[in-house]
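**Q**
Number of protein chains: 2
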Amino acid sequence: MTTSRTERTERADALRNREAVLRATERLLAEGGGAPVSLDRVAALAGVGKGTVFRRFGSRAGLLQALLEERSASLRLAVTEGPPPLGPGAPVRERLLAFLDGLGAVAEGNAILLAAHEQACAADKYRDPSYLFWHRHLSGLFAAHHPATEADFLAHAVLAAFDGDLVRELTPPDDPRRFTRSVQRMAVALLGGDTAP
Amino acid sequence: MTTSRTERTERADALRNREAVLRATERLLAEGGGAPVSLDRVAALAGVGKGTVFRRFGSRAGLLQALLEERSASLRLAVTEGPPPLGPGAPVRERLLAFLDGLGAVAEGNAILLAAHEQACAADKYRDPSYLFWHRHLSGLFAAHHPATEADFLAHAVLAAFDGDLVRELTPPDDPRRFTRSVQRMAVALLGGDTAP
DNA sequence: ACCCTGTTCGGACCAGCAGTCCGGATGCAG
DNA sequence: CTGCATCCGGACTGCTGGTCCGAACAGGGT
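Those protein sequences? They're chains U and D, same order as listed.
Going by our numbering, the residue at position 127 of the first sequence is 228; the numbering climbs one at a time, nothing skipped.
Going by our numbering, the residue at position 45 of the second sequence is 146; the numbering climbs one at a time, nothing skipped.
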């Protein structure tokens with residue numbers, strides 16, 4: 102039984118450290134309440150050297166992206182091959198609403214992480230594989246009622262609303278899903294066709 | 102004590118240096134093509150000390166904001182007290198289109214500056230007086246067909262599309278007004294009522 | 001049980017950044 | 001011309017993201 106895992110090349114200590122770094126990062130993000138998190142601090146809290154952080158994640162942006170990926174992986178999977186209405190098969194409107202419900206939940210629950218990631222990615226935000234995936238999906242949905250270039254723009258515009266700081270701004274503690282509902286209404290209006298029952 | 106408070110004449114060299122710093126900043130922004138501009142470099146190109154830059158503008162964000170203010174001051178004026186359709190008096194739909202045409206032009210012509218400003222402001226973006234002004238205006242327009250909270254969100258969402266990097270992404274050299282047209286179509290769709298007869 | 005080798009570790013190190021400070025220069029009023 | 005408030009400049013600080021390399025070590029082969 103030689104460790105029937107998918108990857109046999111990663112050493113045990115490496116895996117352990119990777120996990121420690123991720124945990125430390127999310128803890129510092131949460132405790133800092135939005136204040137910038139330095140990688141020195143992350144390394145210190147994780148109990149590893151700074152070099153380790155960079156070898157694992159390449160850069161500050163890579164670390165945050167890895168964390169974000171972790172939080173949204175299940176949504177990604179559900180969208181591509183899950184059951185309707187999230188997955189393929191449902192009418193466009195239903196899929197759009199279901200998708201924004203899922204993405205909204207991720208955003209509302211990780212607004213600080215989202216903001217930090219945007220800040221770190223800076224101009225490369227629109228080349229981020231995660232962003233490209235969401236954009237492709239949304240764009241495809243809009244394309245049902247719009248020409249391609251218009252759908253492309255609308256997808257960008259809707260995703261632009263998922264700015265980490267904006268989500269924080271628009272999410273009162275007593276109504277954690279307000280942002281999602283607003284985005285859903287907006288997206289339906291943009292989809293075209295009928296808004297009223 | 103009647104005139105000395107705000108009208109305290111600015112020394113000639115101070116005024117000259119302020120101008121030199123602004124010019125140097127815009128030059129470095131344009132030449133850098135989006136690369137981050139350090140204030141050391143700005144000061145060097147302007148031929149002044151770094152302390153001067155900070156005394157005049159307070160911080161990196163303040164400098165970029167001053168530059169942005171310069172580029173959008175006339176639009177601001179036209180919106181508040183200019184002739185229709187930009188100024189008060191025209192139907193909501195016309196005012197919306199005129200406003201987005203103006204703001205779009207500013208964004209398309211200053212996308213790099215816009216991106217740099219967003220990066221520098223970070224979380225305080227939504228407290229920026231300039232942002233608040235645009236938001237109040239847009240929100241007011243949307244309020245003609247929407248409840249207040251919805252109008253507030255829609256204004257945020259439309260402004261979110263004015264991300265400096267997104268504008269750059271969506272502005273091909275051969276069609277410099279494409280972004281503006283897209284935003285206008287989107288905003289009209291969000292305004293509600295009739296999209297097309 | 002025990003090497004042997006390639007992988008990983010750790011933290012000193014680097015360049016560069018925003019922002020501060022104060023002795024000295026200088027415009028300007030009288 | 002003189003005195004003084006204002007402004008200037010660039011050395012300085014504290015911190016950052018990111019690099020580097022000798023040391024430590026995991027873990028399969030024997």
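We put the CB at the ideal spot given by N, CA and C, even for glycine.
Just so it is clear, the structure is predicted and the values come from calculations on it, not from any experiment.
1. Under 8 Å, Cβ to Cβ, is there at least one residue of chain U near D/Y232?
2. Examine chain U for any beta-carbon lying closer than 8 Å to the beta-carbon of D/E132, and answer yes or no.
3. If you draw a straight line from the alpha carbon of U/R196 to that of U/F280, how long is it in whole angstroms?
4. Can you tell me the Cβ-Cβ gap for U/G205 and U/V284, rounded? I've got them flagged as a contact below 8 Å.
5. Please look up how many angstroms separate the CB atoms of U/G265 and U/E219, rounded, as I've assumed it's under 8 Å.
6. Write down the C-beta distance between D/K151 and D/A144 rounded to the nearest angstrom, noting that I regard them as a contact closer than 8 Å.
7. Cβ of U/Q166 less than 8 Å from any chain D Cβ?
8. State buried or exposed for U/T126, treating a residue as buried only when at least 16 other CB atoms are found within 10 Å of its CB.
9. Roughly how many angstroms lie between the CA atoms of D/L198 and U/P192, to the nearest whole one?
10. Look at the alpha carbon of U/S73 and the alpha carbon of U/E170, and state the distance between them as a whole number of angstroms.
11. I want to verify the contact list: residues of chain U whose CB lies under 7 Å from the CB of D/D266, in sequence order.
12. So the candidates are U/T272, U/M287, U/L255, U/R282; which of them puts its Cα closest to the Cα of D/A328?
13. In whole angstroms, what separates the C-alpha of U/T250 from that of U/G293?
14. Check the Cβ of U/F254 against every Cβ in chain D and list those closer than 7 Å, keeping chain order.
15. Flag U/G135 as yes if its beta-carbon sits less than 8 Å from any beta-carbon of chain D, otherwise no.
16. If you draw a straight line from the C-alpha of D/T153 to the C-alpha of D/A121, how long is it?
17. Give the range of the alpha helix (DSSP H) segment to which U/A249 is assigned.
18. Between the Cα of U/H236 and those of U/R124, U/A262, U/L123, U/R269, spot the shortest distance and give me the residue it belongs to.
19. Using C-beta distances below 6 Å, list every residue in its chain close to D/A216, excluding the 5 sequence neighbours before and after it, in chain order.
20. Under 7 Å Cβ-Cβ, which residues of chain U neighbour D/A64?
21. For U/A290 and chain D, any beta-carbon pair shorter than 8 Å?
22. Using a Cβ-Cβ cut-off of 8 Å, state whether D/A121 counts as contacting chain U.
23. Report the CB separation of D/A221 from D/L165 in whole angstroms; it is logged as a contact under 8 Å.
24. Compile a chain-ordered list of the residues in the region 198-222 of chain U whose CB is closer than 8 Å to at least one CB of chain D.
25. Can you give me the Cβ contacts of U/S105 inside the same chain, cut-off strictly under 7 Å, excluding the 5 residues immediately before and after it?
26. U/Y227 and D/E209 look like a contact to me (Cβ under 8 Å); what is the Cβ gap, rounded to whole Å?
27. Taking just the CA atoms, how far does D/R142 sit from U/G188?
28. Round the Cβ separation of D/A252 and D/A258 to the nearest angstrom and send it over; I've been treating them as touching at under 8 Å.
29. Straight-line CA distance for D/R278 to U/F254?
30. Whose C-alpha, out of D/R156, D/D114, D/R282, D/L242, is nearest the C-alpha of D/V180?
31. Would you tell me roughly how many angstroms separate the C-alpha atoms of D/E111 and D/F155, rounded to the nearest one?
32. Is U/R237 close to chain D? Criterion is C-beta to C-beta, closer than 8 Å.
**A** A quick look at the data gives this:
1. Not one chain U Cβ lies under 8 Å of D/Y232.
2. Taking Cβ atoms only, chain U never reaches closer than 8 Å to D/E132, which makes this a no.
3. Their backbone Cα atoms lie some 18 Å apart in a straight line.
4. Between U/G205 and U/V284, the beta carbon gap of about 6 Å places them in contact (Cβ cut-off 8 Å).
5. Between U/G265 and U/E219 a beta carbon distance of about 6 Å is seen, short of the 8 Å cut, so the two are scored as contacting.
6. That pair is a contact at about 4 Å.
7. No, no contact with chain D.
8. Of the residues assessed, U/T126 falls on the buried side of the cut-off, its CB having 16 or more other CB atoms within 10 angstroms.
9. When the Cα atoms are used, D/L198 and U/P192 turn out to be separated by approximately 32 Å.
10. No statement about residue 73 of chain U is possible, as the shown extent of chain U runs from 102 to 298 and does not include it.
11. What D/D266 touches in chain U: A224, K226, Y227.
12. Because chain D spans 102 through 298 in this model, residue 328 of chain D falls outside it and cannot be assessed.
13. So the alpha carbons of these two residues sit roughly 15 Å apart.
14. Identification of chain D residues near U/F254 by a Cβ-Cβ cut-off of 7 Å yields L271, S283, ordered along the chain.
15. Taking CB atoms only, U/G135 has a neighbour in chain D less than 8 Å away.
16. Rounded to the nearest whole angstrom, the C-alpha separation of D/T153 and D/A121 is 11 Å.
17. Segment 249-261, the alpha helix (DSSP H) holding U/A249.
18. Minimum Cα distance to U/H236 is reached at U/A262.
19. So the list reads G265, D266, once near-sequence residues are dropped.
20. Outside the displayed range of chain D (102 to 298) lies residue 64 of chain D, so it cannot be described from this structure.
21. Closer than 8 Å: yes.
22. No, no contact with chain U.
23. At roughly 5 Å, the Cβ-Cβ gap stays under 8 Å, so D/A221 and D/L165 are in contact.
24. The residues in question are A216, Q220.
25. Any reading at U/S105 is ruled out, since the residue's pLDDT is 37, under 50, leaving its predicted position unreliable.
26. Incorrect: roughly 17 Å between the Cβ atoms, too far for contact.
27. Whole-angstrom Cα-Cα distance: 51 Å.
28. Not confirmed; about 11 Å, so no contact.
29. The straight-line gap from Cα to Cα measures roughly 14 Å.
30. The option with the nearest alpha carbon to D/V180 is D/L242.
31. Straight-line Cα distance between these residues: approximately 16 Å.
32. By this cut-off, U/R237 is not an interface position.
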